[in-house]
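The sequence shown maps to residues 1 to 486 in full-length UniProt numbering.
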Amino acid sequence: MVARITSGSGDEARPRRPLRPGGVRSPRPCASTLRRHPMTRPAHRTGRNRTLATAVGLFASCSLVLTACGQGETPDDTPAADSDAAESGGDVNLRFTWWGADARAQITEEVIDQFEQKNPGITVTTEWGIWDGYWDKLSTSAAAGDMPDVVQMDESQIDAYGSSGQLLDLESQPDALDVSTIAPEVLNTGEVDGTIVGAPVGIGIYSLGVNEDLLAQAGVEMPDDKTWTWDEFIDAAAEVTAQLGDQGVTGLDWWGFDSPEIGAFARQNGEEVFPKEGQDQVSKETLTAFFEQALEMVETGATPQPSVQNENIIKSLEQQPFGTNKSAFHFQFHTQIQAFVDASGTELKLHRLPAVESGKPNMVNKASMYWSISADSEHPAEAAQLVDFLINDVDAAKVLGVERGVPANPEIQEAIQPQLSPTGVMATEFAATMQEEVIDPPQVTPDFASDFDAEFGRIGSGVLFGQTSPEEGAQAVLDILENYER
Numbered sequence: 001m002v003a004r005i006t007s008g009s010g011d012e013a014r015p016r017r018p019l020r021p022g023g024v025r026s027p028r029p030c031a032s033t034l035r036r037h038p039m040t041r042p043a044h045r046t047g048r049n050r051t052l053a054t055a056v057g058l059f060a061s062c063s064l065v066l067t068a069c070g071q072g073e074t075p076d077d078t079p080a081a082d083s084d085a086a087e088s089g090g091d092v093n094l095r096f097t098w099w100g101a102d103a104r105a106q107i108t109e110e111v112i113d114q115f116e117q118k119n120p121g122i123t124v125t126t127e128w129g130i131w132d133g134y135w136d137k138l139s140t141s142a143a144a145g146d147m148p149d150v151v152q153m154d155e156s157q158i159d160a161y162g163s164s165g166q167l168l169d170l171e172s173q174p175d176a177l178d179v180s181t182i183a184p185e186v187l188n189t190g191e192v193d194g195t196i197v198g199a200p201v202g203i204g205i206y207s208l209g210v211n212e213d214l215l216a217q218a219g220v221e222m223p224d225d226k227t228w229t230w231d232e233f234i235d236a237a238a239e240v241t242a243q244l245g246d247q248g249v250t251g252l253d254w255w256g257f258d259s260p261e262i263g264a265f266a267r268q269n270g271e272e273v274f275p276k277e278g279q280d281q282v283s284k285e286t287l288t289a290f291f292e293q294a295l296e297m298v299e300t301g302a303t304p305q306p307s308v309q310n311e312n313i314i315k316s317l318e319q320q321p322f323g324t325n326k327s328a329f330h331f332q333f334h335t336q337i338q339a340f341v342d343a344s345g346t347e348l349k350l351h352r353l354p355a356v357e358s359g360k361p362n363m364v365n366k367a368s369m370y371w372s373i374s375a376d377s378e379h380p381a382e383a384a385q386l387v388d389f390l391i392n393d394v395d396a397a398k399v400l401g402v403e404r405g406v407p408a409n410p411e412i413q414e415a416i417q418p419q420l421s422p423t424g425v426m427a428t429e430f431a432a433t434m435q436e437e438v439i440d441p442p443q444v445t446p447d448f449a450s451d452f453d454a455e456f457g458r459i460g461s462g463v464l465f466g467q468t469s470p471e472e473g474a475q476a477v478l479d480i481l482e483n484y485e486r
């Protein structure tokens, strides 16, 4: 698995904080200790050269948008936005901010050049930085009422900004931003309190990566993922370990202490960790069954001993068992498959999750990131026009490639198809197939529950190491959820 898309995912697999002895995740490093890549772009600049080759094809860090995200037309067809400033002959200046590294900055600047050239009267000042510093700066600017007009937003943060009224209702600007062609199961991932405050840029689907070469070596036939259950999966994983364990190969690298795991398992039981209105919260029975299943995997050999799992989860992606051909199965958001292919040198595949009830894996879309607009923007129509350009424009898509996600708009997909690797095409097709099966997306991570991943990891690790029983672990999770509600 990768870090929650929070995810790519979010959009990228951010480094996972290791589990300390006893299962406590080490704290995220202070932003002040991290190297920043700040950049501010003046409103007017010309003659900038770009090197895009480093960014094209970066499918490992992308997340996929699987449905149409607007008109998919060229900038000439982008809806024009009216503004008092433009009508009076003055320029409108927008501020635009995102997190990411140099490659993302280069292609984003190139697209902003396009936008300015084809939208005279609108200029864009850009600001960007790395993950931790980005949120420090955004929080400060939001508190001061000075948030940039257009913001790259993350799943883990959108509830905090959206529920406090700091993000614009994107459906309030239909003349500038068309979100009507985005399928509800995708668009609704950007909903907070009944309002669409984020236009999904990339979608990740929690799924199973499979090394079919290892299955063949072990003499294990891959079950039909349209009908298989957890029992069948555990049997297959255990058999891989039995046949190839002397070569250091296990069926599954880890299971039992990562929040996407319980999210998927609860959903298959008709429950949610953070339920929307009308949904049932995850029960003690479901949580207990999850922890019992994690212990069963260890007992059967489907997963290694807890100490080895602990070592596996803190390794870099390239060094994890699935990336070194030492694990036949790996649960992940599907957008990370290219990175594992590159690391392993093996043609890996994507499959549906095993199910509690045969044929009902209950998989969902999860946004890796969003484009949001400040509710205090003095130019909401022009800001919406920029967002529309970023997600719907063919020329912009050719520059952005798959670095932030692969759009599902047929025209956009066709335009960027040559930039996809064979694995990228496979992953895109997998996600497109899943769009016919996904259920309504879960609630975005509530602002008050930002530490749930670490807390669940601590509890799950305690169960695996025998420090607490499955029932005690289940109650501990419920206690945390109850405390959130107080």
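Beta carbons: idealized from backbone N, C-alpha and C, even for Gly.
Q: Find the nearest neighbour of residue 209 within the set 323, 181, 193, 256, judged by alpha-carbon distance.
A: One-based indexing of the sequence shown puts residue 209 at position 209. Of the candidates 323, 181, 193, 256, the one whose C-alpha sits nearest the C-alpha of residue 209 is 323.
Q | Straight-line Cα distance separating residue 366 from residue 336 | A | Counting from 1 along the sequence shown, the entry for residue 336 is found at position 336. Counting from 1 along the sequence shown, the entry for residue 366 is found at position 366. If I take the Cα positions, the gap works out to 14 Å.
Q) Out of curiosity, what's the CA-to-CA distance linking residue 255 and residue 374? A) Translated into positions along the sequence shown, residue 255 becomes position 255. Translated into positions along the sequence shown, residue 374 becomes position 374. In a straight line, the C-alpha of residue 255 is about 39 Å away from that of residue 374.
Q) Between residue 264 and residue 327, what straight-line distance do the alpha-carbon atoms span, to the nearest angstrom? A) As a working note, residue 264 is residue 264 in the sequence shown. As a working note, residue 327 is residue 327 in the sequence shown. Residue 264 and residue 327: Cα-Cα distance of roughly 21 Å.
Q | Burial state of residue 310 (16 or more Cβ within 10 Å) | A | Within the sequence shown, the letter at position 310 stands for residue 310. Label assigned to residue 310: buried.
Q.
Let me check understanding here. Comparing Cα to Cα, which of 157, 223, 283, 184 lies closest to residue 435?
A. What you label residue 435 is simply residue 435 of the sequence shown in a count that begins at 1. Comparing Cα-Cα distances from residue 435 to each of 157, 223, 283, 184, the minimum goes to 184.
Q.
Using CA atoms only, rank isn't needed, just tell me which of 445, 348, 477 is closest to residue 154.
A. Taking the first residue of the sequence shown as position 1, residue 154 is located at position 154. It is 445.
Q) Is the beta carbon of residue 204 less than 8 Å from the beta carbon of residue 340? A) As a first step, residue 204 is located in the sequence shown; it is residue number 204 there, counting from the start. As a first step, residue 340 is located in the sequence shown; it is residue number 340 there, counting from the start. Cβ distance not < 8 Å, so residue 204 and residue 340 don't count as in contact.
Q) Taking the beta strand (DSSP E) that residue 450 falls in, what are its first and last residues? A) Here residue 450 corresponds to residue number 450 of the sequence shown, with the count starting at 1. Counting along the chain, residue 450 falls outside any beta strand (DSSP E), and DSSP gives it neither H nor E.
Q. So, is residue 218 buried or exposed, given that buried needs 16 or more other C-beta atoms within 10 angstroms?
A. For this step, residue 218 is matched to residue 218 along the sequence shown. So residue 218 counts as buried.
Q) Curious, which full-length alpha helix (DSSP H) runs of at least 4 residues does the segment 106-189 contain? A) With a minimum length of 4 residues, the continuous alpha helix (DSSP H) runs that stay inside the segment 106-189 are 131-143, 158-163, 184-187.
Q. Taking all protein chains shown into account, do 16 or more other C-beta atoms lie within 10 angstroms of the C-beta of residue 325, making it buried, or fewer, making it exposed?
A. Position 325 of the sequence shown, counting from 1, holds the residue named residue 325. So residue 325 counts as buried.
Q | Residue burial classification, residue 224 (beta-carbon count within 10 angstroms, cutoff 16) | A | For the purposes of this step, residue 224 is taken as residue 224 along the sequence shown, with counting starting at 1. Answer is exposed; the Cβ neighbour count stays below 16.
Q | Straight-line Cα distance separating residue 460 from residue 272 | A | Counted from its first residue, the sequence shown places residue 272 at position 272. Counted from its first residue, the sequence shown places residue 460 at position 460. A direct Cα-to-Cα measurement between residue 272 and residue 460 gives close to 18 Å.
**Q.** Unbroken alpha helix (DSSP H) run spanning residue 350, endpoints
**A.** One-based indexing of the sequence shown puts residue 350 at position 350. Per DSSP, residue 350 belongs to no alpha helix (DSSP H); it is in the beta strand (DSSP E), 349-351.
Q: Assuming residue 199 and residue 190 form a contact by the criterion Cβ under 8 Å, report the distance between their Cβ atoms to the nearest whole angstrom.
A: Along the sequence shown, one-based indexing puts residue 199 at 199. Along the sequence shown, one-based indexing puts residue 190 at 190. With 8 Å as the limit, residue 199 and residue 190 qualify as a contact, their Cβ atoms being about 6 Å apart.
Q: Tell me residue 252's beta-bridge partners as DSSP assigns them.
A: Here residue 252 refers to the residue found at position 252 when the sequence shown is read from its first residue. Per DSSP, 329.
**Q.** Which residues DSSP lists as bridging residue 280, in chain order
**A.** Walking along the sequence shown from the start, residue 280 turns up at place 280. Residue pairing by DSSP places residue 280 opposite 271 in a beta bridge.
**Q.** Whole-number beta carbon distance between residue 259 and residue 453, since they are thought to touch under 8 Å
**A.** Indexing the sequence shown from 1 puts residue 453 at position 453. Indexing the sequence shown from 1 puts residue 259 at position 259. So it is a contact: roughly 5 Å between Cβ atoms.
**Q.** Three-way DSSP call (helix, strand, coil) for residue 366 in this model
**A.** Locating residue 366 in the sequence shown gives position 366, where the first residue counts as 1. The answer is strand: DSSP assigns residue 366 an E or B state.
Q: Please confirm if the segment 385-400 is in contact with the segment 236-243, defined as three or more CB-CB distances below 8 Å between the two stretches.
A: No, because fewer than three Cβ pairs between the segment 385-400 and the segment 236-243 fall closer than 8 Å, the two stretches do not touch.
Q.
Taking the beta strand (DSSP E) that residue 390 belongs to, which residues open and close that run?
A. For the purposes of this step, residue 390 is taken as the residue at position 390 of the sequence shown. Unbroken run through residue 390 is the alpha helix (DSSP H), 380-392; no beta strand (DSSP E).
Q) Is residue 227 near residue 359, with beta carbons less than 8 Å apart? A) Locating residue 227 in the sequence shown gives position 227, counting from the first residue. Locating residue 359 in the sequence shown gives position 359, counting from the first residue. Going by C-beta atoms, residue 227 is nearer than 8 Å to residue 359.
Q) Where do the ends of the beta strand (DSSP E) carrying residue 205 lie? A) Position 205 of the sequence shown, counted from the start, is the residue given in the question as residue 205. For residue 205, the uninterrupted beta strand (DSSP E) segment begins and ends at 199-210.
Q) What number of angstroms, rounded off, separates the C-alpha of residue 479 from the C-alpha of residue 473? A) For the purposes of this step, residue 479 is taken as residue 479 along the sequence shown, with counting starting at 1. For the purposes of this step, residue 473 is taken as residue 473 along the sequence shown, with counting starting at 1. The straight-line gap separating the alpha-carbon atoms of residue 479 and residue 473 is approximately 10 Å.
Q) Around the C-beta of residue 72, are 16 or more other C-beta atoms found within 10 angstroms, so that it is buried, or is it exposed? A) Mapped onto the sequence shown, residue 72 falls at position 72. No answer about residue 72 holds up, because its pLDDT of 34 lies below 50 and its placement is not dependable.
(Q) Taking the alpha-carbon of residue 173 as reference, which of 391, 449, 439, 382 has the nearest alpha-carbon? (A) Working through the sequence shown from its first residue, we reach residue 173 at position 173. Taking the Cα of residue 173 as reference, the smallest distance to any Cα among 391, 449, 439, 382 is reached at 382.
Q) If you count every other CB in all the chains shown that lies within 10 Å of the CB of residue 349, and 16 or more means buried, which is it? A) The residue you call residue 349 lines up with position 349 of the sequence shown. With 16 or more Cβ atoms within 10 Å of its Cβ, residue 349 is classed as buried.
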